[in-house]
Amino acid sequence: MKAVEFKNITKTFGNFRANDDISFSIEKNSIHCILGENGAGKSTLMKVLFGSYKKDSGEIYVNENPVNFKSPLDAIKSGIGMLYQHFMLIEDFTILENVILGSEITAKTGINYTESKRRLNSLIDKYKLDLNLDDKVSDISIGAAQKTELLKLLYRDSEILIFDEPTAVLSPIEVENFFKIIRNFKEDGKTIILITHKLNEVKEIADEVSVLRKGKLVYSVKRENLDIKELGKQIIGDLELSIVISDDNLQAPEAKAEFEEIDVLLSLQNITLTENGLTKLFNINLDLHKGEILGVCGVEGNGQSELIELISGLNKNYTGLYSKNVRKISLVPDDRLKKGMIKEFSIGENLLMRLPGKNVFSKRLLKEKEQEVIAEYDVRVPEVGDIMENLSGGNQQKAIVAREIKLNCDVIIFSQPTRGVDIKASSFIHQKIYNEKMNGKGILLVSADLDELLALSDRLAVLFKGKIVKIFAGDEFLSGKQNSKELIGKIGQLMIGMEL
Amino acid sequence: MNKRIIVNIVSVLVSIFVTFLLTSILILLIGKNPIDIFVMMFSEVLGSGYGIGQTLFKATPLIICGTGIAFCFHASLFNIGAEGQLNAGAFVMSLVALKLGALPLVIALPASLLAGFIISALVGYVPAIIKIKKGVSEVITTIMLNFVIIALVNYFLIEFLAVKSTVRTEKISDSLMLPQLSDYFNSFQGSSANLSIIFALALAVFFYFVIYKTKLGYKIRALGYNETASKYLGIRTNALTIFSFMLGAGLTSFAGMNFIMGYKGYYELGFSNNIGFTAIAVALLAKNNPLGIILSSLLFGFLDFGGLAVNTEIPKEIMLVVQALVILSIISINKLTEKYLNKQKI
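Respectively, the protein sequence lines represent chains L and Y.
Just so it is clear: in the first sequence, position 182 is 182 by our numbering, and no numbers are missing.
Every number in our numbering is 500 more than the matching position in the second sequence, counting from 1.
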C-alpha cells in the first residue's frame, strides 16, 4: 500500500521552479530517503505535503485518498508529523509540558497530568527514548530535545513521519541511537520520510531512495540496487564529478606526523574553565603548530564550544596558561545563522565589517569585495548585494568560510564547517581548509563528522566531559587511518568515556 | 534591494492615505466637512511663509531628537528616555550658556552644546550599564529615569536657578542667540524658525552617512540584528552598547538648542512638550533612517501647526489623534508589506 503518492507536483516561487512536475510514491511501513543538494527542492516538497506551502498544480494522495491540506493542522489530523531541522520547543517548559501543549488531556479541574504522564511514559518505554518528563527543556541536550520532538509526534498519533535532516545536529553515537529509534518506528508499522545529505546514512537505513535535482525527480532506487557512487553522481549531476563524491576520496594526501617545537602557534597549559560551579574544561594541554590541522571530536556538549570560545578570546575566565604567537584568530562558528553572519547584510558587508582598515564602505568597494568572494569561492547569489538570508545554506557557509580565510590570520578555527551543507559545497570547503594548512596556517577543526576529521586532521584530540582523554598522533593515527573502522570504533568508545 | 525600498515608500504613502481617511470620518462625526478642514489646514500652513516657518520650527527638535533615538534603535536599544535625557542636557546647556555669555560666540556656543551633550550622554550611560551588568531591559530603566531626571531638573531650577516667580532660567546673552530665518528671507516674517534647522538637517545627513556607510554604523546595526553573531564577528558588544546609548542620548540634548538659542533664550520648565516621546514615533515612522526622519519630522511639524491653524473649526487635539493614527497604520501596513515581501522570496 502507498502511504503517500505525489502526482505531478509543481511549486514555483516567482520565476523559480522549486518543484517541477514531481511524481513518486512512498510505500507504507518503509523508510524512504529523499536526497539532493541544498536548494534541490526537498524541503519545499515536504512543506507542500505538510500543508505549509500551497502547490501550484498536481495531486497528493495519503493512504491512497486524495488530500488537499490547507495548513499543517490538516496534515497532522491525517496522521502526518514533521520533525523540523530547528526545534520548536519552549525552553522554560518541561518536556511534559512541551509535548502536551496544544493537545492536553483534560479533566474537570484542568489538565490531567497523571494520565498524560502515563501515556507518554509508555511511549518512552516502547520506543526506548530515554527521557525524563520533568526535565526542563533548557537543561537537556540537543539529542534529548530531538527526542522530545519525536515524542510530540508520537503523542499526536502520527503514522507518517517526516524528518528533515535529523542527524545534522547529532553526534555519531546519538545518530546510532536515533536510527535504532527509527527502526522501531518502522517495525511498528509507521512510514518514515527522511531528508538527508549523508550517503552513509542512506546506505545504512533506506528502503528506497529518491533523488531530487534542481526541482526535478532524477533518480529512484530500491535498497537491493543501491549504489552509493551512483547516488553521489545523481545528486550532483554531470558537472565537476572530478572534485569529490564519496568519503573515500577525501583522504588528504599527506598528513604530517611530527611537528617542531618552533612552529607552535598556540599553547594551552593546564587550562581549566569553570562556569556557574560546573567544570567545563579541565586541565587541558594542547599545542597547535604551523601547517597543522588539529582535529577535535567529542559528543556535543563535552567542552568543544568552551574550548573554541577560550581559544578565540571570547571567554577569558580560565585558569592556567594560554600563550599565543599570533595576533588574531579567525573563526568559522558552528551555527551559521546564530553566530556566523549578520543575515540582514550582504556578503560584501559581512566581509568588510570583519576586515581591518577601510572605515567607509562605498558601493564600489562592497561590490568589488563581494565579487571577489563569489568568484573565488563559487558562491551563488540571487543578485550581487543581496542579503545573506536569501542565499541557500551551502552558499552562506561558503561565504563565511571565504570571509574568515580572507582575514588571513595565522590560526583559523573551523567548527562544524560542513554541517547541513551539501556534498559539493562540503568537498569545496574541505579543499579550502586543506589549502590553508598547506599555506602554513594552524587549523583547529572541531567537528561531529568523524569522516571529515579523519580525512583532514594531522592529529585528533578526543574530548570527554571537558577533558582531553586522548590525542591521536603520529604513526598510530596515520596507520590507523588505513583501517578506519577500527579507529572509529576506538574514538567512539573514548567519546562516551570508555577507557581503552 | 530596490524593490524593498519602493515597497517601503509605498507602505508609508498608503498609511498616510489611510490616516487621512480615518481622520475624515472623525471630522464628519464632529459635524464638519473634512474637505473644508483639510483645505483650510493646507492653505494656512503651506500658503504662507509664516506657516512654513512654524512647521520648520516645530520639526527642528524632532529631527535632532529623532536622529539620536534612531541611533539607539539601530543598536536594538529601545531608548524611551529621550524626554529626560534632553531636558537634563538642555538645562545644563542653558546654564553654561548663561555663564559663558561674555565669551565670543565661537567658544561659548560649542562649549554649551558640548556640556549639554555630555550631561545627556551620562544620563544615557545609566541604563546602558545597568543593562550590561544586570541584564535589565533599557525600556524599563529609561522610562523610570525620565521621572527621576525631570524631577531633579525641576528641583534645581526652582530652588536655585529660576527667575523669581517664574519657572525659567535667566535669559542668555543676546550674542549667543542664533539668527532667525526671517533675517535672511523676509517671507518667514513672524515665525520662530531659526538657524537650528540647518544644524538639524546637517546632523541627520551626517548620521545617515555614519549609520549606513561606515564600519561603525555597520557594527552598530549588526549589534542590533544579532548580538551573538556580533560577538563572534569580533565586535566588543558591551563597549558598543554603552557607546551607542551615550551617543544617541547625547544627541537628544541638541534639541534644546532650537528653543533656548533659537527662540526664547532660556530654559523653561516643560519646554520640551513631550518632544522626547513624539520623536520616538518620528523615528519609527522613518524606520530609523535619518533622512526619513527629516520627512517624518516635517509631517509631524505640519500636523502640529496645522492643528493650531484649524483650531477655530475643530479641536486641535484631533491632530494628536492623527499623529497616533499615522503610527498605528504604519505599523499595521508595514506588517502587510513584510508579508508581501516574504511571499516573493524563495
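Ideal placement from N, C-alpha and C gives every residue a C-beta, glycine not left out.
All figures in this text were calculated on a predicted structure; none of them were measured in a lab.
Give me the chain L residues within the contact set of residue i, using Cβ-Cβ distance strictly less than 8 angstroms, ordered along the chain.
i        : result
Y:Thr714 : Asn359, Val360, Phe361
Y:Tyr718 : Phe345, Glu349, Leu352, Met353, Phe361
Starting from the beta carbon of residue i, find every residue of chain L whose beta carbon is closer than 7 angstroms, and list them in chain order.
i        : result
Y:Thr741 : Within chain L, no residue comes near Y:Thr741; the closest Cβ sits about 16 angstroms away, beyond 7 angstroms.
Y:Ala729 : Lys338, Lys339, Gly340, Met341, Ile342
Y:Tyr725 : Ile342, Glu344
Taking 7 angstroms as the threshold (beta carbon to beta carbon), is residue i in contact with chain Y?
i        : result
L:Arg354 : yes
L:Ile342 : yes
L:Gly492 : no
L:Ser242 : Confidence is the limiting factor: at L:Ser242 the pLDDT is only 33, short of 50, which leaves the residue's position unreliable and the question unanswerable from this model.
L:Gln251 : Because L:Gln251 carries a pLDDT of 48, less than 50, the predicted location of this residue cannot be relied on, and no value is offered for it.
Quick one: Cα of residue i to Cα of residue j, how far?
i        : j        : result
Y:Glu445 : L:Glu389 : Outside the displayed range of chain Y (501 to 846) lies residue 445 of chain Y, so it cannot be described from this structure.
Y:Pro604 : Y:Leu678 : 13 angstroms
Y:Ile649 : Y:Asn587 : 8 angstroms
L:Tyr322 : L:Leu450 : 27 angstroms
Y:Leu703 : Y:Pro561 : 11 angstroms
Y:Tyr789 : Y:Ile827 : The displayed chain sequence assigns Asn, not Tyr, to residue 789 of chain Y. The alpha-carbon atoms of Y:Asn789 and Y:Ile827 are separated by roughly 16 angstroms.
L:Phe464 : L:Val218 : 43 angstroms
L:Thr418 : L:Asp56  : 33 angstroms
L:Lys126 : L:Phe178 : 14 angstroms
Y:Gly762 : Y:Glu817 : 26 angstroms
Y:Ser524 : Y:Gly566 : 28 angstroms
L:Glu91  : L:Lys117 : 19 angstroms
Y:Ile814 : Y:Lys532 : 8 angstroms
L:Gly189 : L:Ile182 : 11 angstroms
L:Gly298 : L:Glu174 : 11 angstroms
Y:Gly776 : Y:Tyr732 : 34 angstroms
L:Lys481 : L:Ile491 : 12 angstroms
L:Asp134 : L:Pro72  : 28 angstroms
L:Arg119 : L:Leu89  : 20 angstroms
Y:Thr641 : Y:Gly770 : 21 angstroms
What residues of chain Y sit near residue i, judged by a beta carbon separation below 8 angstroms?
i        : result
L:Leu391 : Those do not exist, as L:Leu391 stays about 10 angstroms from chain Y at its closest Cβ, beyond 8 angstroms.
Check the Cβ of residue i against every Cβ in chain Y and list those closer than 7 angstroms, keeping chain order.
i        : result
L:Leu310 : Within 7 angstroms Cβ-Cβ: nothing; L:Leu310 doesn't reach chain Y, min ~14 angstroms.
L:Pro333 : Tyr732
L:Leu314 : Lys731
Assuming the contact rule is C-beta atoms closer than 8 angstroms, residue i and residue j should be a hit. Round their C-beta distance to whole Å, please.
i        : j        : result
Y:Leu526 : Y:Val821 : 7 angstroms
Y:Phe557 : Y:Ser692 : 5 angstroms
L:Ala18  : L:Arg213 : With a Cβ gap of about 12 angstroms, L:Ala18 and L:Arg213 do not count as contacting.
L:Phe6   : L:Ile60  : 6 angstroms
L:Ser138 : L:Gly301 : 13 angstroms between Cβ atoms; not a contact.
L:Ile320 : L:Gln269 : Here residue 320 of chain L is Gly; the residue named in the question, Ile, does not match the sequence. Going by Cβ atoms, the distance from L:Gly320 to L:Gln269 rounds to 6 angstroms, so yes, they are a contact pair.
L:Ile26  : L:Val4   : 4 angstroms
Would you say residue i reaches chain L, if we count a Cβ-Cβ gap shorter than 7 angstroms as a contact?
i        : result
Y:Ala786 : no
Y:Asn587 : no
Y:Ala570 : no
Y:Ala702 : no
Y:Ala722 : yes
Y:Ile846 : For Y:Ile846, the predicted structure reports a pLDDT of 39, less than 50, and the residue's modelled location is therefore unreliable. The matter cannot be settled from this model.
Rank the options by C-alpha distance to the C-alpha of residue i and give the top, closest one.
i        : options                                : result
Y:Leu784 : Y:Gly806, Y:Phe573, Y:Gly765, Y:Lys764 : Y:Phe573
L:Ser447 : L:Ile374, L:Asp386, L:Ser171           : L:Ser171
L:Arg364 : L:Gly348, L:Leu131, L:Ala375           : L:Gly348
L:Gly394 : L:Ile195, L:Ile471, L:Phe428           : L:Phe428
L:Asp422 : L:Gly51, L:Ile182, L:Val211            : L:Val211
Y:Gln585 : Y:Leu546, Y:Pro627, Y:Ile607, Y:Gly551 : Y:Pro627
Y:Ala700 : Y:Gly589, Y:Leu795, Y:Phe688           : Y:Leu795
Y:Ser594 : Y:Ala755, Y:Asn646, Y:Gly792, Y:Asn773 : Y:Ala755
Y:Phe578 : Y:Ile537, Y:Val623, Y:Ile643           : Y:Ile643
L:Arg336 : L:Ile443, L:Lys481, L:Val169           : L:Val169
Y:Ala608 : Y:Leu661, Y:Phe517, Y:Ile672           : Y:Ile672
L:Gly81  : L:Glu476, L:Ser103, L:Ile31, L:Leu153  : L:Leu153
L:Pro166 : L:Lys216, L:Thr191, L:Tyr155, L:Thr196 : L:Thr196
L:Ile192 : L:Asp207, L:Leu454, L:Leu129, L:Asn200 : L:Asp207
What does residue i reach in chain Y if we use C-beta pairs closer than 9 angstroms?
i        : result
L:Leu444 : In chain order: nothing, as chain Y lies at least about 15 angstroms away.
Comparing the CB of residue i with every heavy atom of the ligand SAH, is any distance shorter than 6 angstroms?
i        : result
Y:Ala608 : In the structure on display, the ligand SAH does not appear, and there are no ligands present to speak of.
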